[in-house]
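Throughout the first sequence, residue numbering follows the numbering used here, covering 4 to 500 in sequence.
Glycine included, each C-beta is placed from N, C-alpha and C at the ideal position.
Computed from a prediction, not measured in an experiment: that's the story for all the values here.
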Amino acid sequence: MIAMTKDDNDIIRQRRAQLQALRERGNAYPNDFRRNILAQELHTRYGDKDKEQLETETEKFSLAGRMMSRRVMGKASFAHIQDMSGRIQLFIRRDDLADDSYAQFRKWDIGDLVGVTGSVFRTRTGELSIQADSIRLLAKSLRPLPEKFHGLSDQEIRYRQRYLDLITSATTRQTFQIRTRVINHIRAYLTGCGFLEVETPMMQAIPGGAAARPFITHHNSLDMDLYLRIAPELYLKRLVVGGFEKVFEINRNFRNEGLSLQHNPEFTMLEFYWAYAGYEDMMSLTETLFRSLAVEVQGDTIVEYQGETYDFGMEFRRLTLRDAVLAHNPELSAGDLDDLDRLRNIAAGKGIEVKDSYGAGKLQVELFEKTVEAQLKQPTFITAYPVEVSPLSRRNEAQPDIADRFELFIGGREIANGFSELNDPDDQAERFRIQAEGKASGDEEAMHYDADYVTALEYGMPPTAGEGIGIDRLVMLLTDTASIRDVILFPQLRTKE
RNA sequence: GGGCCGUUAGCUUAGCUGGUAGAGCAGGGGACUCUUAAUCCCAAGGUCCAGGGUUCGAAUCCCUGACGGCCCA
């Protein structure tokens, strides 16, 4: 029940009594006040004007926001209000106001929403402020805000009642503002490159495009089970077949898996597809995009993350998966990676759970994830993934066991996954068949056989490259945030009762 | 799913080997026309996460559960 059990305390009772008095004086929740400027605009406009210059400034401004602090003296007071742009100090003198406004103001609380009209000036200590001609209460706050100095430190309340976190933490506000800027920038960038933004189904009869367990829901009037999508991939590629040769979608995926610092059941993914291009073109585009994102968000290409420094201005390192595994496991030889029996022993020796169904490719990837992934701090493209773990990727011309595929790692985490698309319908059908076999023998993450998608390929899909970028993890990087819960406004939590 | 840690006033927290809960902020009353963690005086505020157990006595020790955090699978 969290805060709901805290309904009955002195503070709330007193504030409710004040609200009752307000109701008796008229509408306690008026909506006829209009502001004409935001706090930050005042700082921008007058930030470099000194006290004397401001004394000649007679323009009247109307601002509204939440009262975040108040210092009440006998006949004059200071207060700060906060709006969506920032804060500004108010100077409120009894003799400047009409009637009993000052007496009313004295009864208000931190957290109340107020509207104020007045002119700018600078205090003796130099703070740009509004000298109030009139001030009104626009909405009463009945519950006390978190303590002003330490703020809100209870993680649980920060997530469950995010509005309190947003009211009290400038860092949190900034994180989510950056998140929006990142998404806007990506959207503008891809649109500028000629990509068309589309929306594809979130509810799918066959969940495809990734190896993951889906959420299941039910459509009543059709009386059919549907899956929340684990990826939009197969629908976006149908659009490529349809002639939308450059498409992208930024939207939610849902995966029915555990929660961690990097996993939330619903998360945001960018996927984009580019006909007549290959996976190497995607790597180049990704580097350029990330570079421009860093500049957009923080003005240069240097990204500080959890005490480390990444330079998005440098060319990203490229390394094959095999070379990466060998480099981080010096006791292994190239031959070890091709010998299934040896691989099984090596993997088991490193504490990897080896299933009977695992082939050499899957074991190589398991080894990579166990011994290499977390070490890849600087931006690194890992290439040449085994076809065994890449059922939607094109085969390499020279090495048919290898897919023309890459993943991008930064800060030890997978940020992006891209490849040249498999557009041979017969090869795709065979790969689905193998996946469906795996599913039948108990692999819950194996893919379904999507015959409708194969049909689409049979009409002919242009040679295409595609990529997915995890937006939440990217925002974590760009906001120096350790937990995915800090970049999702309302992260998944257990319900309380 | 496993391990470790946490949960005390609205918020931030103290509370040692078991002896009946203390502070700061916020809030209430009073003073104060340039404060900014405003200041000064006074008074108030607690289901110590929940349930069970040990004990003369439990916020404190034990068990179970809830929720959260971190680590691991």
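For residue i, which residues of its own chain have a beta-carbon under 6 Å away from its beta-carbon, when the five flanking residues on both sides are left out?
{"i": "Gly114", "result": "Ser144 and Leu148"}
{"i": "Phe247", "result": "Leu199"}
{"i": "Thr467", "result": "Val243, Tyr276, Ala278 and Glu424"}
{"i": "Ala6", "result": "In this prediction, Ala6 has a pLDDT of 34, which is less than 50 and means its spatial position is unreliable; nothing more can be read from the coordinates."}
{"i": "Ala377", "result": "Gly415"}
{"i": "Arg97", "result": "Lys78 and Tyr105"}
If we call anything under 8 Å between Cβ atoms a contact, is residue i one with residue j?
{"i": "Val119", "j": "Leu193", "result": "no"}
{"i": "Thr482", "j": "Ile181", "result": "yes"}
{"i": "Phe384", "j": "Arg434", "result": "no"}
{"i": "Leu395", "j": "Glu236", "result": "yes"}
{"i": "Ala485", "j": "Gln301", "result": "no"}
{"i": "Glu62", "j": "Ser122", "result": "yes"}
{"i": "Ile91", "j": "Ser137", "result": "no"}
{"i": "Gln207", "j": "Leu225", "result": "no"}
{"i": "Val478", "j": "Val185", "result": "yes"}
{"i": "Ala449", "j": "Ala214", "result": "yes"}
{"i": "Met71", "j": "Trp111", "result": "no"}
{"i": "Pro494", "j": "Val457", "result": "no"}
{"i": "Tyr238", "j": "Pro204", "result": "yes"}
Output needed for residue i: all residues of its chain with C-beta closer than 7 Å, excluding positions within five of it in sequence on either side, in chain order.
{"i": "Arg190", "result": "Glu200 and Ile253"}
{"i": "Phe251", "result": "Leu193, Phe198, Glu200, Leu273, Glu274 and Phe275"}
{"i": "Lys380", "result": "Glu311, Gly414 and Gly415"}
{"i": "Asp13", "result": "none"}
{"i": "Ala350", "result": "Val357, Leu366, Glu369 and Leu370"}
State the start and end residues of the unbroken beta strand (DSSP E) segment that holds residue i.
{"i": "Arg125", "result": "Leu116 to Arg125"}
{"i": "Thr174", "result": "First-last for Thr174: Ala173 to Gly195, but that is the alpha helix (DSSP H), not the beta strand (DSSP E)."}
{"i": "Ala419", "result": "Arg416 to Ser423"}
{"i": "Phe412", "result": "Ile405 to Ile413"}
Would you list the residues sitting across from residue i in a DSSP beta bridge?
{"i": "Arg90", "result": "Gln85"}
{"i": "Phe251", "result": "Glu200 and Phe275"}
{"i": "Val75", "result": "Ser80"}
{"i": "Ile228", "result": "According to the sequence as given, residue 228 is Asp; it is not Ile. His221, per the DSSP bridge assignment."}
{"i": "Ser396", "result": "Glu424"}
{"i": "Val328", "result": "None; Val328 has no bridge partner."}
{"i": "His266", "result": "Ser263"}
{"i": "Met206", "result": "Leu231"}
In terms of residue numbering, what span does the alpha helix (DSSP H) encompassing residue i cover?
{"i": "Ser137", "result": "Here Ser137 belongs to no alpha helix (DSSP H); instead the beta strand (DSSP E) covers Leu131 to Ala142."}
{"i": "Arg488", "result": "Careful: Arg488 lies outside any alpha helix (DSSP H) and carries neither H nor E."}
{"i": "Arg26", "result": "Asp13 to Arg28"}
{"i": "Ala459", "result": "Ala454 to Glu461"}
{"i": "Tyr49", "result": "Ala42 to Tyr49"}
Can you list, in chain order, the residues of its chain whose CB lies under 8 Å from that of residue i, leaving out five sequence neighbours each side?
{"i": "Arg37", "result": "Ser65"}
Please look up how many angstroms separate the CB atoms of residue i and residue j, rounded, as I've assumed it's under 8 Å.
{"i": "Asn256", "j": "Ile233", "result": "6 Å"}
{"i": "Ile160", "j": "Ala135", "result": "About 33 Å separates the two Cβ atoms, so there is no contact after all."}
{"i": "Val375", "j": "Pro389", "result": "About 15 Å; that fails the 8 Å criterion."}
{"i": "Leu335", "j": "Ala363", "result": "With 8 Å as the limit, Leu335 and Ala363 do not qualify as a contact, their Cβ atoms being about 13 Å apart."}
{"i": "Phe293", "j": "Phe315", "result": "5 Å"}
{"i": "Leu324", "j": "Arg347", "result": "At roughly 18 Å, the Cβ-Cβ gap does not stay under 8 Å, so Leu324 and Arg347 are not in contact."}
{"i": "Glu44", "j": "Ser88", "result": "7 Å"}
{"i": "Glu470", "j": "Thr291", "result": "That belief does not hold up - the Cβ atoms of Glu470 and Thr291 are roughly 13 Å apart, past 8 Å."}
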